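Please read the structure below before turning to the comments.
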Amino acid sequence: MNIGIYGGTFDPPHIGHLILAQSAIDALALDHVLLVPTWRSPFKNDSDSLPPLQRAEMVELAISGNSLLRGEYCEIQRGEVSFTVDTLRKIRDAHPGDTLFLLMGADTFSEFHLWKDPEDILAMATAAVAERPGYQLTEDNYPYIKTARKFSMPLIDVSSTDIRNRVREGRSIQYLVPWTVQVFIESQGLYRSDS
0 MNIGIYGGTF DPPHIGHLIL AQSAIDALAL DHVLLVPTWR SPFKNDSDSL
50 PPLQRAEMVE LAISGNSLLR GEYCEIQRGE VSFTVDTLRK IRDAHPGDTL
100 FLLMGADTFS EFHLWKDPED ILAMATAAVA ERPGYQLTED NYPYIKTARK
150 FSMPLIDVSS TDIRNRVREG RSIQYLVPWT VQVFIESQGL YRSDS
């Protein structure tokens, strides 16, 4: 099987995440994509992030109704800083013989050379990079681009940071997150300035 692996904080998961995952399924003939929420990212100050179990619950809500998207919670179960190389080893061991694709946007791929053990990562999975405006995927800018697979996705300008800010400011997040995630955020009072 061809399996996509898409990691992130998912605080909250939004339609951009889902569109990237579905675009990769279509472009790379993936059998399914595993969405892997981090326990804590080594690149972000997650002190303001929601607890991992709440983010995992939102991932489950976001992917409900699409059997090609699945949650994978090994990083949360590990309970420590999440390094992609360790996650890939665990997923590879659970899926021997399957072909793994590590999904990311061009913005994330621009920092790939800073990740822990990028060569080991690429020995286990093919980097699959969603092309984005403003990012020239050339060897000058991306040392690992020769080994990566590029795919396109619809252009959408949405971020988890913007969604959290909108909630704090009392603005709508309708259509930026799946309806199930919106209901969860509202019912739990998440991201509000008074919470």
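Heads up: the sequence shown runs through residues 0 to 194, numbered per numbering that gives the first Met the number 0. Just so you know, even glycine gets a beta-carbon here, dropped at the ideal spot from N, CA and C. Being a predicted model, the structure only gives us computed values, none of them experimental.
- Selection from Trp-38, Gly-6 and Pro-12 that minimises the alpha carbon distance to Trp-178: To locate residue 178, count along the sequence shown from 1; it is residue 179. Of the candidates Trp-38, Gly-6 and Pro-12, the one whose C-alpha sits nearest the C-alpha of Trp-178 is Pro-12.
- Task: Compute the beta-carbon to beta-carbon distance between Leu-29 and Asn-1, rounded to the nearest angstrom, for a pair I have assumed lies under 8 angstroms.
- Result: Within the sequence shown, numbered from 1, the residue matching residue 29 stands at position 30. Within the sequence shown, numbered from 1, the residue matching residue 1 stands at position 2. Right, their Cβ atoms sit about 5 angstroms apart.
- Item | Euclidean distance between Cα positions of Ala-105 and Cys-73 | Here residue 105 corresponds to residue number 106 of the sequence shown, with the count starting at 1. Here residue 73 corresponds to residue number 74 of the sequence shown, with the count starting at 1. Each residue's Cα considered, the two are about 25 angstroms apart.
- Query: What do you reckon, is the C-beta of Asp-85 under 7 angstroms from a heavy atom of the ligand SAM?
  - Reply: The ligand SAM is not among the ligands present in this structure, which contains no ligands whatsoever.
- Task: Put Val-176 into one of helix, strand or coil per three-state DSSP.
- Result: Along the sequence shown, one-based indexing puts residue 176 at 177. The answer is strand: DSSP assigns Val-176 an E or B state.
- Query: Does the beta-carbon distance from Met-103 to Ala-126 come in below 8 angstroms?
  - Reply: One-based indexing of the sequence shown puts residue 103 at position 104. One-based indexing of the sequence shown puts residue 126 at position 127. Contact: yes.
- Task: Indicate whether the contact test is met: 3 or more Cβ pairs, each with one atom in the stretch 108-116 and one in the stretch 139-159, closer than 8 angstroms.
- Result: yes
- Task: Could you round the C-beta distance between Arg-165 and Arg-191 to whole angstroms and report it? I think they count as a contact, below 8 angstroms.
- Result: Along the sequence shown, one-based indexing puts residue 165 at 166. Along the sequence shown, one-based indexing puts residue 191 at 192. Wrong, their Cβ atoms sit about 11 angstroms apart, outside the cutoff.
- Please report how far the alpha carbon of Arg-130 lies from the alpha carbon of Ser-151, in whole angstroms. Residue numbering aside, residue 130 sits at position 131 when the sequence shown is read from its first letter. Residue numbering aside, residue 151 sits at position 152 when the sequence shown is read from its first letter. Checking the sequence, you will find Glu at residue 130 rather than Arg. When rounded, the distance between both Cα atoms is 5 angstroms.
- Item | Beta-bridge partners of Lys-149, as assigned by DSSP | Residue numbering aside, residue 149 sits at position 150 when the sequence shown is read from its first letter. According to DSSP, which records beta bridges pairwise, Lys-149 is partnered with Val-128.
- Where does Arg-54 sit, in a helix, a strand or coil, going by DSSP? Walking along the sequence shown from the start, residue 54 turns up at place 55. Helix.
- Message: Checking the sheet assignment: what are the DSSP bridge partners for Arg-69?
- Response: In the sequence shown, the residue the question calls residue 69 occupies position 70. Leu-33.
- Query: The beta strand (DSSP E) with Phe-100 in it runs from where to where?
  - Reply: Residue 100 sits at position 101 when you count from the first residue of the sequence shown. Note, Phe-100: beta strand (DSSP E), 98-104.
- Give the straight-line distance between the Cα atoms of Val-32 and Gly-169, rounded to the nearest whole angstrom. Your numbering for residue 32 matches position 33 in the sequence shown. Your numbering for residue 169 matches position 170 in the sequence shown. Val-32 and Gly-169: Cα-Cα distance of roughly 33 angstroms.
- Item | Three-state class that DSSP yields for Val-157 in the structure shown | Walking along the sequence shown from the start, residue 157 turns up at place 158. Three-state result, Val-157: coil.
- Proximity winner among Ala-26, Gly-78, Phe-9 and Val-182, relative to Gly-70 (alpha-carbon distances): What you label residue 70 is simply residue 71 of the sequence shown in a count that begins at 1. Measuring from the Cα of Gly-70, the nearest candidate turns out to be Phe-9.
- Starting from the Cα of Val-157, find the closest Cα among Tyr-5, Ile-4 and Ile-18 and give me that residue. Residue mapping note: residue 157 aligns to position 158 of the sequence shown, counting from 1. Among Tyr-5, Ile-4 and Ile-18, the Cα nearest to that of Val-157 is on Ile-18.
- Message: Counting C-beta neighbours from all protein chains within 10 Å, is the total for Ala-55 16 or more, i.e. buried, or is it exposed?
- Response: Looking up residue 55 in the sequence shown gives position 56. Classification of Ala-55: buried, given that the 10 Å Cβ count is 16 or more.
- Query: Between which two residues does the beta strand (DSSP E) carrying Ile-202 extend?
  - Reply: Since the first residue shown for the chain is 0 and the last is 194, residue 202 is missing from the structure and cannot be characterised.
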